[in-house]
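Below is one structure, written out as structure tokens; comments come after it.
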Amino acid sequence: MKTRIPAAVAALLVASGCETFNEPVFLERTEVGISNDVQFHQDLMQEAYEGRQYLQFSATNYSSQPRCVQTNAESMRYSSEYSMGAVVYLAPAETADTGYVFLPSEFGLHARSWAPDEFGNCN
17 MKTRIPAAVA ALLVASGCET FNEPVFLERT EVGISNDVQF HQDLMQEAYE
67 GRQYLQFSAT NYSSQPRCVQ TNAESMRYSS EYSMGAVVYL APAETADTGY
117 VFLPSEFGLH ARSWAPDEFG NCN
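With the working numbering, the residue at position 11 of the sequence shown is 27, and numbering never jumps.
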């Protein structure tokens with residue numbers, strides 16, 4: 017009975033440590049553009065465990081009105097993994113992720129923002 021409790025506690029510590037062990041590490045931020053009071057960012061990140069690097073794209077709404085935002089990878093020549101093109105609704109003063117591209121890669125970036133329709137939809 018005495019050996020089961022320390023083993024169980026050790027297993028819980030190891031399991032909880034694995035979750036935080038693979039948190040990505042922020043390396044640097046680059047501002048990639050402004051559109052309608054929305055600032056687009058590109059963060060260079062690195063996976064802590066595997067060491068793979070990727071670009072995490074995000075947008076911050078500095079307008080007093082909501083905005084719709086989208087980042088697209090144009091002319092993607094190569095990348096091991098990416099997710100771009102989703103339309104994201106941003107409330108005033110909100111920041112949200114808009115996509116990522118794992119490195120190495122070669123691509124162009126198109127970022128845009130626009131006002132939602134009268135019902136708050138991003139069309």
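Positions of the beta carbon are idealized from the N, C-alpha and C atoms, including for glycine. Small disclaimer: the values here were computed from a predicted structure and weren't measured.
Taking residue i as the reference, which of the options has the closest Cα?
i      : options                       : result
Arg45  : Ala75, Pro82, Met100, Ser91   : Ala75
Leu119 : Thr111, Ala112, Asn38, Glu63  : Glu63
Val117 : Glu47, Tyr94, Ala109          : Tyr94
Thr111 : Glu47, Pro40, Gln55, Val41    : Gln55
Ser129 : Ser79, Arg68, Ser96, Leu60    : Ser79
Ser96  : Ser121, Cys138, Met61, Gly136 : Ser121
Tyr98  : Leu125, Cys138, Val85, Glu134 : Leu125
Tyr65  : Gln72, Pro40, Glu134          : Pro40
Can you tell me whether residue i is helix, strand or coil according to DSSP?
i      : result
Glu134 : coil
Glu39  : coil
Ser91  : strand
Arg83  : strand
Tyr98  : strand
Pull up the CB-CB distance for residue i and residue j, whole angstroms please, since I reckon it's below 8 Å.
i      : j      : result
Gly152 : Ala131 : There is simply no residue 152 to check, as the chain begins at 17 and stops at 139 in what is shown.
Leu43  : Asn77  : Going by Cβ atoms, the distance from Leu43 to Asn77 rounds to 25 Å, so no, they are not a contact pair.
Phe73  : Asp133 : Actually they are not in contact, since the Cβ atoms of Phe73 and Asp133 sit about 24 Å apart, beyond 8 Å.
Leu71  : Gln86  : About 16 Å; that fails the 8 Å criterion.
In the DSSP assignment, what are the bridge partners of residue i?
i      : result
Asp113 : Ser74
Gly140 : A question about residue 140 goes unanswered here, because the residues of the chain that appear run from 17 up to 139.
(request) Please confirm if the stretch 90-104 is in contact with the stretch 47-60, defined as three or more CB-CB distances below 8 Å between the two stretches. (result) Too few Cβ pairs lie closer than 8 Å, so no.
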